[in-house]
Every structure is written in C-alpha cells, then in structure tokens.
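Residue numbers (UniProt numbering): 1 to 469. A quick write-up on the structure given underneath.
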C-alpha cells in the first residue's frame, strides 16, 4: 500500500472512532439539561437521580471524545500538510473560532456544572449545563462549516502565486446552505442516538429492579426525544439530499449505483450484483424513490437523475482525464446502513413505548439483550452516514479544487504511516476497553439510591469546591 492509501486509512480509522463520541456528547448533554430542568421545576428527586446517573455517562463520553479528537489536529499537519497549506487560510478560521469560543464555553461551564452541585444555587447551576450543552452544539456547527467547505467550496479566491485558496467572506463560509442543512441533519441524528441510548440504558437498569422511578423518568425523555428526532432526521435528510444532488450529483448516483441517467429512478432496498456495482442481477426496488429524494419528483422529465457514466464524461470535460466516481459498493451500502439502522432505532423506541404503555416494567433476558444492542443501531447508522458523506466525495478532498492524492504530505513514507496506524490502533483499542468498561460499570452501579437535595439559600457557605461524582 502507498503512503497515500495508508494516510487515508489512518485518518479514516481515527475520525470514525472519534465520531462515535460526538453525537452522544451533543445529544446527551441537552437531554441531561432537560432532566435537570425538570428537577428544578418539580423538586422531584427522581429527576435528580436520573440527571446524576446520565451525567456520569455523559462525562465519560465527553472525556473520551476530547482525547480522541486531539489526534485529528496533528494529522492535518503531519499526514496532510499539502492539504493544510492549500486550504489553511479558510479551513483554519472556523476551527480556530470553535476552539477559542465554543470549546472554551462548553469546557468552562461543564467544569462549573461538575464542581458546582454543592456551591451554586439551583437555577444558576442549571444554567451551567445548558451553557455547556449549547457550547457542544456551537462546536459542532463550526466544525461542520469547515467540513462543508470541503463539500461545497464558497467564499474563496485562488491565489496562483502561493497556490493557495484565500478566505474572502467569513459569513458566507459559515452560513452557506451546505453548512446549516448538514448541521440540522447531524444534530437531529445526535438526538436520535442519545434518545435511544436513554431508552436502552433505562431499560437495562429497570430490569434489575433498581431506581425504577428515576429510570421511568429518563425512559420517557428518551422515548420522546427518539420519536421527535426520528421525524426531524427524515425531514432534514430530505433537504440535505436535494442540496447534495445539486452540488455533488456523483454522490447520489453512487448511492444508488445508478450508472445510466434515469427518469423516475427507483431506490433499491437490496441488490445482488457484480462486485463493482456496475451490474445488478436481482433487486428489490421502490419505484421513483431515488428521483424523489434527489429532485422532489416521482416521475416525469423533472425526476431525471444523472447516472455515473454521464457524470464521468462531464467531469472529464471539466477537470481533465481521471476517475471521478467513488467506490460504488461502499457508498451504496453505507447509504442504506445509515437509513436502515436509524429506522431500527426509532422502531425499537416505538416498541418499548408500546410495551410500557400501561406503566409495565419490561423484564426478561430477551429484553435485556435487545436493550443492550438497540442503542448501537443509530450510533452505527450515523457513523455510516459520516462514511457516506466523506467517501462519497472522492476522489476530491476539496470538491472540484483539490484531489485527495494532492493533499498528502510529500515527505510521508509508507513506513511512517504504518507505524502510526499500529500505534493509534493499539491506543484506541485500549481506550475502547476503558470506555466500555467504565460505561458498563456505571450502568451496573445504577443511579444513586439517595440524593442530597441542595438548599439554594445555603449553597455558598465557604466550603471548598467538591467533586460531585
């Protein structure tokens, strides 16, 4: 394997691993804030127990997300220096704002939330977790704005003397349609992931007979979040798909393995065909669905979706000779995994809502196993969506401006890439064991049996700060 191939594998492995923590951090922070709000409003200690329990899981996930995210910054300079040099003036701007403003906001207020349980009045302490949750969402927006430039470059000018692109309008970069539609889809997907997590974990604890009252509260929050987020994901995904077709038509063609331009293009639920995806032997299809996702029309001339072959010819005329289609089988199945696993998460939540509709507490080994597995459905689904988004852009690292092969560091050798891949794999494997172990341990411990209610009038009595967990 070449240094380019290894550099891509390295960045792909570390990015997908890091992305496992991102949606859980975004969604869980907001759901924990909602549960604490309910405690402050009602005074019901069941809400406090649920807040503290899921707060611990949130903190474990947040810490691992920070640790794994730091690696990404170093890879830009070490393995992808030509890319960093080419887009640094643009790509670095939103990332700098994310670090200086959003990350400091969430980390500072998260620290106040952790250490302020016995020091801050209820409402002020509640404000800290809301500030931290808002900070995580702002961080996501700035990062997605930077990524959106890679998907749809705007607000730039190419400088031939330096061979770099230079930022012309920061507001246009931040608020282009690719950025805010992607943000909406990612955030709603994050709430879907965290909602199913609340449902699954709440059921696991309830089946042991511990803290049933508190877990009923968190289960309700999880069910509501999952259903609302599931509907929102469909809507935002539809909007994003139509914008994607306008900006990257090859990605949609690859998602359906559509080689020929087709009117009323069907969507195949499952296809058996050649390994390269160029020929289908058997397929179960929904007529016109791909056209509707791409154009908003089920049939007619307006429903025409361009195929890979025609797009390849167009790109060769525009950009010169080369292969402009991504690896079709991967994009095809990643797209379906994204949709299918997300739907399974929502269906599981609906099933749990039906099982618990009369206040029943589900029990049994089968329920425990499904609860443990179901929380992985939307998490794997959103990861598949991330893979689809990034791999579907290939061969471009910046769409239409820079190919991936041109962005790798010129001095990077295959040996160096192999060494770092092995090191990162071992390190991340160890972190995975630690993270899963900590999460399982906290679930087994469960919510606190008793909680000390904080007296807002006696919160600042001169005692030193204490770590609540």
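For every residue, glycine included, the Cβ atom is placed at its ideal position computed from N, Cα and C.
Quick one: using the 10 Å Cβ neighbour count with 16 as the cut-off for buried, is residue i buried or exposed?
{"i": "residue 321", "result": "exposed"}
{"i": "residue 354", "result": "exposed"}
{"i": "residue 465", "result": "Caution applies to residue 465, whose pLDDT of 49 falls short of 50 and renders its modelled position unreliable; the value that the coordinates give is listed next. Looking at its Cβ environment, which holds fewer than 16 other Cβ atoms inside 10 Å, residue 465 is exposed."}
{"i": "residue 233", "result": "buried"}
{"i": "residue 394", "result": "buried"}
{"i": "residue 99", "result": "exposed"}
{"i": "residue 256", "result": "buried"}
{"i": "residue 373", "result": "exposed"}
{"i": "residue 437", "result": "exposed"}
{"i": "residue 26", "result": "buried"}
{"i": "residue 159", "result": "exposed"}
{"i": "residue 96", "result": "exposed"}
{"i": "residue 104", "result": "exposed"}
{"i": "residue 194", "result": "buried"}
{"i": "residue 19", "result": "buried"}
{"i": "residue 150", "result": "buried"}
{"i": "residue 163", "result": "exposed"}
{"i": "residue 56", "result": "buried"}
{"i": "residue 52", "result": "buried"}
{"i": "residue 42", "result": "exposed"}
{"i": "residue 240", "result": "buried"}
{"i": "residue 486", "result": "As displayed, the chain neither begins before 1 nor continues past 469, which places residue 486 out of reach and without an answer."}
{"i": "residue 410", "result": "exposed"}
{"i": "residue 2", "result": "exposed"}
{"i": "residue 116", "result": "buried"}
If you run the structure through DSSP and keep just helix, strand and coil, what is residue i?
{"i": "residue 449", "result": "coil"}
{"i": "residue 158", "result": "strand"}
{"i": "residue 305", "result": "strand"}
{"i": "residue 262", "result": "strand"}
{"i": "residue 5", "result": "helix"}
{"i": "residue 217", "result": "helix"}
{"i": "residue 236", "result": "helix"}
{"i": "residue 325", "result": "coil"}
{"i": "residue 12", "result": "helix"}
{"i": "residue 358", "result": "coil"}
{"i": "residue 248", "result": "coil"}
{"i": "residue 320", "result": "coil"}
{"i": "residue 557", "result": "Since the first residue of the chain shown is 1 and the last is 469, residue 557 is not available in this structure."}
{"i": "residue 210", "result": "coil"}
{"i": "residue 390", "result": "helix"}
{"i": "residue 311", "result": "helix"}
Candidates the options: which alpha carbon is nearest residue i's?
{"i": "residue 75", "options": "424, 142, 175 and 325", "result": "424"}
{"i": "residue 507", "options": "88, 119, 121 and 135", "result": "Past the edges of the chain, shown from 1 to 469, lies residue 507, and the structure says nothing about it."}
{"i": "residue 302", "options": "312, 308, 290 and 310", "result": "290"}
{"i": "residue 24", "options": "2, 200, 379 and 325", "result": "379"}
{"i": "residue 22", "options": "386, 437 and 407", "result": "386"}
{"i": "residue 17", "options": "444, 429 and 338", "result": "429"}
{"i": "residue 138", "options": "184, 165 and 161", "result": "184"}
{"i": "residue 349", "options": "223, 210 and 215", "result": "223"}
{"i": "residue 190", "options": "310, 30 and 208", "result": "30"}
{"i": "residue 170", "options": "415, 154 and 317", "result": "154"}
{"i": "residue 243", "options": "141, 181 and 308", "result": "181"}
{"i": "residue 412", "options": "403, 260, 161 and 77", "result": "77"}
{"i": "residue 330", "options": "122, 346, 210 and 384", "result": "384"}
{"i": "residue 131", "options": "111, 142 and 147", "result": "111"}
{"i": "residue 168", "options": "357, 32, 89 and 125", "result": "89"}
{"i": "residue 79", "options": "8, 119, 70 and 312", "result": "8"}
{"i": "residue 371", "options": "117, 14, 200 and 48", "result": "200"}
{"i": "residue 403", "options": "434, 32 and 87", "result": "87"}
{"i": "residue 186", "options": "143, 209 and 214", "result": "143"}
In the DSSP output, what is residue i paired with across the bridge?
{"i": "residue 402", "result": "398"}
{"i": "residue 165", "result": "158"}
{"i": "residue 267", "result": "286"}
Only counting the same chain, and skipping five residues up and downstream in sequence, which positions put a Cβ closer than 7 Å to that of residue i?
{"i": "residue 152", "result": "176, 178, 247 and 399"}
{"i": "residue 218", "result": "35, 50, 54, 198 and 202"}
{"i": "residue 266", "result": "285, 286, 287, 288, 289 and 290"}
{"i": "residue 418", "result": "6"}
{"i": "residue 4", "result": "405 and 408"}
{"i": "residue 156", "result": "90, 165, 166, 167 and 168"}
Leaving out five residues on either side along the sequence, give the residues of the same chain with a beta carbon under 6 Å from the beta carbon of residue i.
{"i": "residue 11", "result": "75"}
{"i": "residue 344", "result": "377"}
{"i": "residue 212", "result": "206"}
{"i": "residue 381", "result": "338, 341 and 342"}
{"i": "residue 335", "result": "255 and 388"}
{"i": "residue 61", "result": "21, 24 and 25"}
{"i": "residue 40", "result": "122 and 126"}
The ligand PLP and residue i: does any heavy atom of the ligand fall closer than 7 Å to the residue's C-beta?
{"i": "residue 443", "result": "The ligand PLP is not among the ligands present in this structure, which contains no ligands whatsoever."}
Taking 8 Å as the limit between beta carbons, can you name the residues of its chain near residue i, skipping five residues before and five after?
{"i": "residue 326", "result": "250, 251, 254, 391, 392, 393, 394 and 395"}
{"i": "residue 431", "result": "64, 67 and 68"}
{"i": "residue 238", "result": "293"}
{"i": "residue 307", "result": "253, 258, 259, 260, 261 and 262"}
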